[in-house]
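Following: one structure in structure tokens, then a few remarks.
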Amino acid sequence: MRIIGKIIFVIASFFIVVGFSFLLLRHQSDRPLQAVTANSNFSQHALSVYDSNYVSLYHQYGLDLPPFYFSISNLALPDSFKYLPASNEKDFLIYWCSKTGNAKALYNIYQSLCTFHNESWMIPPSQILNLQRCSNQIISSRNIDTLNFYYAKYYLLLPRESKAFAFLNGVKKINLDAAWKQWIPAFHFNPNNQFALWLSDGLSNGNGIYARSWISKNTVGSALKKPMLITFIITVITMLIIVIFSVVFSAELFLKKEKRGVRTILSALHFLYSIPSFFIGALLVFIFANPYQLQILPANFSFAPLVENDSISLITLLDSWTYFVLPIITLSFGAIVFFTSMLFRSFEEEFSKNYVLSAKMMGQSNRTIVYKFVLKNAVYSSSTFLFLLFPALLSGAVVVEQMFSIAGIGNLLITAARSQDIPVLITLFGLIGFVTALSFILLDYFQQKIAGRLLSTKEVKE
Amino acid sequence: MKWGYKIILFFVIVAMLAPLISNDRPLVLISNGEINFPFLNHGSYAFGDDDLKVMPLIPYRAGVSDFDNADFKSPFDVQQVKNNSMFYRHWLGTTLRGCDVLAGIISGARYALIVGFCSSFVSLIIGLLLGAGSAFSSVSVNRISFLQLIALVFLLMFGFNLFLYVQSDLLIKLLLFVLSVGCWILVSRIKLKFDRGVRLNFEKIESQLTILFSSIPRLFFVVAVMGIFHQGILTLIFLLGLTGWMEIARVVRAEIQKIQSMDYYAAAKLSGASWTRITSKQLIPNLKPLLIAVFAFSFAGAILSEASLSFLGFGLEANQVTWGSLILEGKESFNAWWLIVFPGFCLSSCLAALFSIARKGNNDIYSL
């Protein structure tokens with residue numbers, strides 16, 4: 000049951016993180032359209048709101064939808080008003096809704112304004128300036144009487160055969176009768192929203208605005224495919240190396256701990272841990288990949304056969320093994336130091352227990368005791384950090400990938416952040432959060448299993 | 000004094016006196032019988048060679064280029080400096096644009112300490128509040144009646160609507176909010192017989208919040224948010240503080256729970272000591288070494304994050320020189336070892352000092 004609760008919590012946290020990033024985007028509603036169409040004219044609200052091309056694009060990409068399922072406002076204000084494209088009209092409508100509570104009439108005025116701007120060629124040129132002044136006055140007015148006055152003037156000026164007139168004909172004069180509605184808070188629920196759109200067809204079809212990369216115009220799924228694979232390969236190899244090396248190092252150090260050199264190594268581990276990974280990476284590049292020094296290993300991962308070929312196979316992976324050496328050393332250095340000293344400590348703890356004493360009495364050598372009996376228990380006690388290693392390595396990969404120009408997730412994140420490619424950013428962020436939460440769940444499950452095992456042995460003893 | 004504190008004190012002194020140590024303006028300038036202190040001003044200062052002046056120890060400012068020594072001059076190279084004097088030499092070499100590396104390191108110490116201290120202070124406050132809150136709430140059972148809960152939800156919705164969508168004067172809004180809070184207090188006094196209430200488990204909420212925040216990789220989060228918003232020192236401090244409190248909260252909660260299970264705590268409670276007395280005499284003195292350790296550890300984490308961010312090109316603005324940005328510039332050239340070694344040495348010695356302080360404070364948690 001605890002595991003199910005955790006999974007529900009992870010899904011909820013995923014929703015929270017991605018929904019929060021949509022909410023963060025609310026303040027720059029024009030940025031997506033500018034990026035998609037590469038047209039900077041769309042930033043001018045007042046001009047482009049009457050542009051039918053702009054409005055249809057805005058609707059097509061679902062930008063007039065609310066960002067999330069729930070929103071809080073009052074009874075007077077309908078939810079749709081908050082997501083209008085132009086801030087000028089939006090302010091006007093929100094203000095008058097809360098003043099009058101007469102949302103329907105106001106919405107009709109807004110629609111007739113839009114249709115008027117679309118069909119203005121039908122109106123004689125002498126009247127156009129007059130009409131535009133009227134509509135601007137309606138938008139900027141803050142007084143109920145002036146609103147009604149300009150509304151009437153606008154109504155009279157419109158030609159009888161136009162669509163805008165037909166709209167306004169149905170609209171009655173605006174009254175203050177339902178102003179009390181603004182004081183009552185209300186929940187609005189919208190199943191049709193940007194987040195649902197992004198979840199449903201974002202990654203597969205690529206229809207929504209957050210489904211395609213704004214820079215490369217590819218779907219986010221295809222943009223993520225190869226970087227994810229490369230980063231996954233590197234992190235898995237690094238994890239294996241970390242586990243093998245730290246186990247061997249700590250066991251050998253523990254077996255020879257009486258020697259003087261070993262003691263200095265142990266005290267040096269503290270200092271080695273405080274060396275940041277990019278410093279080590281830069282030093283390694285300077286020594287091993289330098290045309291003026293030793294040019295043994297390549298430093299630029301983008302020339303690897305793994306990246307240059309379109310398909311990733313075992314042969315290309317084996318061909319490009321020299322390209323993996325420096326990144327993996329850089330990535331694994333700090334973790335190897337950390338695990339070595341931690342396993343050493345747990346070896347010391349385990350060695351004072353009774354089963355070690357009995358094994359010694361049976362005549363086993365220290366080496367067999369360490370590798371056969373003690374190692375298992377020591378690794379169990381430090382399993383917490385092993386599970387948290389994967390997300391930590393992903394975070395560290397950002398720096399290492401930038402240093403060796405590996406086309407992985409970290410590099411993708413940085414290029415996306417530099418060019419404000421928000422769809423890629425959101426997807427990457429959700430993905431990494433999901434992976435981390437998954438490793439938390441696995442850790443919980445693993446620990447429960449071990450705790451159960453330990454408990455049962457304790458109970459047997461008692 | 001332990002060596003960790005000594006190193007940190009050295010960096011703090013250097014960072015505080017940075018404009019006095021490295022500056023391209025004189026500290027004191029006497030011209031035409033007037034005494035001026037040009038290093039205090041930001042504008043350009045013209046002075047002749049004949050004027051009496053006291054220059055700082057390093058007569059260069061971080062990020063200001065010296066084109067005579069551009070293109071990666073090593074510390075051992077022949078440098079074209081003013082009057083060929085040792086005083087004007089670039090002791091730790093120059094960058095591509097001829098900026099002095101030693102001045103850059105001093106400015107980097109300044110930024111690293113400011114960002115590290117402020118952001119770990121922010122995370123210390125968040126972690127203390129949440130950790131202590133969950134530790135205290137686990138002792139006493141908090142129940143909230145169902146009626147109270149509904150009224151609270153309605154109050155929150157009302158406040159949200161009031162301050163965002165209701166068009167009225169701010170004074171009237173505030174008055175209404177105060178009135179509604181009063182109503183909530185009145186409502187919460189009503190006790191219905193069938194209303195058994197909901198248990199408020201703050202400890203559980205805190206632990207889930209900790210898991211949620213620790214499932215966000217720090218560098219990923221900061222880079223992604225920095226991409227959307229503008230870059231700057233305040234944003235950086237806030238973001239690093241927001242992503243660094245989880246360890247502090249966890250440790251503080253465990254330590255307070257340990258203290259609460261001790262005999263001296265029970266004795267103090269039984270003898271009728273007040274909450275303030277228990278906090279000041281029992282809790283804080285026992286928590287102090289741990290708090291120092293935890294603060295040092297998160298300080299180190301924040302400095303490391305800041306350095307890696309400026310190595311990636313995010314974080315501070317372009318004209319602010321830090322240790323990470325110096326190493327980034329060193330990456331451009333294959334021969335410029337002085338741009339990697341000296342800032343990297345400063346960074347790792349600072350981190351080693353902080354880790355040693357953390358180890359001294361609590362050997363169980365931070366002993367590596």
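If you're matching them up, the sequences are chains G and P in order.
For what it's worth, numbering that gives the first Met the number 0 labels the leading residue of the first sequence as 0, then goes sequentially.
For what it's worth, numbering that gives the first Met the number 0 labels the leading residue of the second sequence as 0, then goes sequentially.
Each residue gets a CB set at the ideal place from its N, CA and C atoms; glycine is no exception.
Any chain G beta carbon closer than 9 Å to residue 165 of chain P: Residue-level contact check: residue 165 of chain P touches chain G, since one or more beta carbons of chain G fall below 9 Å from its beta carbon.
In the DSSP assignment, find the unbroken beta strand (DSSP E) run with residue 29 of chain P in it and report its ends. For residue 29 of chain P, the enclosing beta strand (DSSP E) stretches over residues 27-30.
Between the segment 431-443 of chain G and the segment 379-393 of chain G, do at least 3 Cβ pairs fall closer than 8 Å? Counting Cβ pairs under 8 Å, three or more are found: they touch.
Going along chain G in order, which residues have a C-beta closer than 7 Å to the C-beta of residue 215 of chain P? Near residue 215 of chain P (Cβ distances below 7 Å), the residues of chain G are 432.
Residue nearest to residue 338 of chain P in terms of C-alpha spacing, selected from P:277, P:284, P:212 and P:70: Nearest of P:277, P:284, P:212 and P:70 to residue 338 of chain P, Cα basis: P:70.
Can you grab the Cα-Cα spacing for the pair residue 260 of chain P / residue 196 of chain P, in whole Å? Distance between the alpha carbons of residue 260 of chain P and residue 196 of chain P is about 29 Å.
If I'm right that residue 352 of chain P touches residue 270 of chain G with Cβ under 8 Å, what's the distance once you round it to whole angstroms? Contact flag wrong, Cβ pair sits at about 10 Å.
Could you confirm whether any beta carbon from chain P is found closer than 9 Å to the beta carbon of residue 281 of chain G? Yes - at least one Cβ of chain P is within 9 Å of the one on residue 281 of chain G.
Enclosing alpha helix (DSSP H) for residue 347 of chain P [first to last residue]: Taken as a continuous stretch (DSSP letters only), the alpha helix (DSSP H) holding residue 347 of chain P covers 337-360.
Provide the residue(s) that pair with residue 83 of chain P in DSSP beta bridges, ordered along the chain. Answer is none; residue 83 of chain P lacks a bridge partner.
Contact set between the segment 299-311 of chain P and chain G, restricted to residues whose Cβ is under 8 Å from the partner: Within the segment 299-311 of chain P, the residues whose Cβ lies closer than 8 Å to some Cβ of chain G are 299, 303, 306, 307, 310 and 311, listed in chain order.
What is the DSSP secondary structure of residue 330 of chain P, counted as helix, strand or coil? Note: residue 330 of chain P maps to helix in three-state DSSP.
For residue 386 of chain G, which residues in the same chain have their Cβ closer than 8 Å to its Cβ, ignoring the five residues on either side in sequence? Result list for residue 386 of chain G: 438, 439, 441, 442 and 445, in chain order.
Compute the Euclidean distance between the alpha carbons of residue 234 of chain P and residue 356 of chain P, then round it to the nearest angstrom. Their backbone Cα atoms lie some 28 Å apart in a straight line.
Counting only Cβ pairs nearer than 9 Å, list the residues of chain P close to residue 97 of chain G. Near residue 97 of chain G (Cβ distances below 9 Å), the residues of chain P are 164, 165, 166 and 167.
By Cβ distance, which residues of its chain are closer than 7 Å to residue 495 of chain G, with the 5 residues on each side in sequence left out? Here chain G covers residues 0 to 461 and nothing more, so residue 495 of chain G does not appear.
Would you please verify whether the beta carbon of residue 76 of chain G is less than 9 Å from any beta carbon of chain P? So yes, residue 76 of chain G belongs to the interface.
Check whether the Cβ atoms of residue 322 of chain P and residue 285 of chain G sit closer than 9 Å, and answer yes or no. Not a contact, by the Cβ cut-off of 9 Å.
Nearest residue (CA-CA) to residue 177 of chain P, options P:154, P:193 and P:167: Closest by alpha carbon: P:154.
Taking Cβ positions, are residue 211 of chain P and residue 251 of chain P nearer each other than 9 Å? Cβ atoms of residue 211 of chain P and residue 251 of chain P: not closer than 9 Å.
6 Å Cβ shell around residue 256 of chain P - same chain, five flanking residues per side excluded: Counting only Cβ-Cβ distances below 6 Å, and skipping sequence neighbours, we find 134.
Listed by chain order, chain A residues near residue 336 of chain P by CB distance under 8 Å: In the displayed structure, chain A is absent; the protein chains listed are G and P.
Can you confirm whether residue 455 of chain G, when its beta carbon is compared against all beta carbons of chain P, has any partner nearer than 9 Å? Low confidence applies to residue 455 of chain G: its pLDDT is 47, below 50, so where it sits in the model is not reliable, and the reading given next is rough at best. Closer than 9 Å: no.
Under 9 Å between C-beta atoms of residue 245 of chain G and residue 338 of chain G: Against a cut-off of 9 Å, the Cβ pair of residue 338 of chain G and residue 245 of chain G comes out as a contact.
Just list the alpha helix (DSSP H) runs in the segment 355-438 of chain G, keeping only unbroken ones of 4 residues or longer that don't cross its boundaries, in chain order. DSSP runs (the alpha helix (DSSP H)) wholly in the segment 355-438 of chain G: 374-380, 382-402 and 408-417.
Within chain G, the residues that residue 329 of chain P reaches when beta carbons sit closer than 7 Å: Using a Cβ-Cβ cut-off of 7 Å, residue 329 of chain P is close to 281 of chain G, given in chain order.
I need the DSSP call for residue 319 of chain P, collapsed to helix, strand or coil. In the displayed model, residue 319 of chain P falls within coil according to three-state DSSP, outside both helix and strand.
So what's residue 493 of chain G in DSSP terms, helix, strand or just coil? Outside the shown range of chain G (0 to 461) lies residue 493 of chain G, about which nothing can therefore be said.
Leaving out the 5 sequence neighbours to the left and right, which residues in its chain are closer than 8 Å to residue 205 of chain P when beta-carbon positions are compared? Correct list, in chain order: 129, 130, 132, 133, 248 and 252.
Could you have a look at residue 88 of chain G and say whether DSSP puts it in helix, strand or coil? Residue 88 of chain G: helix per DSSP, three-state reduction.
So which residues of chain G does residue 351 of chain P contact, with C-beta pairs closer than 9 Å? Result: 269, 270, 272, 273 and 274.
First through last residue of the alpha helix (DSSP H) which encompasses residue 261 of chain G: Counted as a single uninterrupted DSSP element, the alpha helix (DSSP H) harbouring residue 261 of chain G occupies residues 259-272.
Beta carbon proximity, residue 360 of chain P to chain G, threshold 9 Å: No, residue 360 of chain P does not count as interfacial toward chain G.
Residues of the segment 218-251 of chain P with a CB closer than 9 Å to any CB of chain G: list them in chain order, please. Flagged, chain order: 218, 219, 220, 222, 223, 224, 225, 226, 227 and 228.
Sufficient close CB pairs (3 or more, under 8 Å) joining the segment 356-368 of chain G to the segment 302-317 of chain G: No, the segment 356-368 of chain G is not in contact with the segment 302-317 of chain G.
Taking the Cβ atom as the reference point for each residue, do residue 241 of chain G and residue 335 of chain G lie within a distance shorter than 9 Å? Less than 9 Å divides the Cβ of residue 241 of chain G from the Cβ of residue 335 of chain G.
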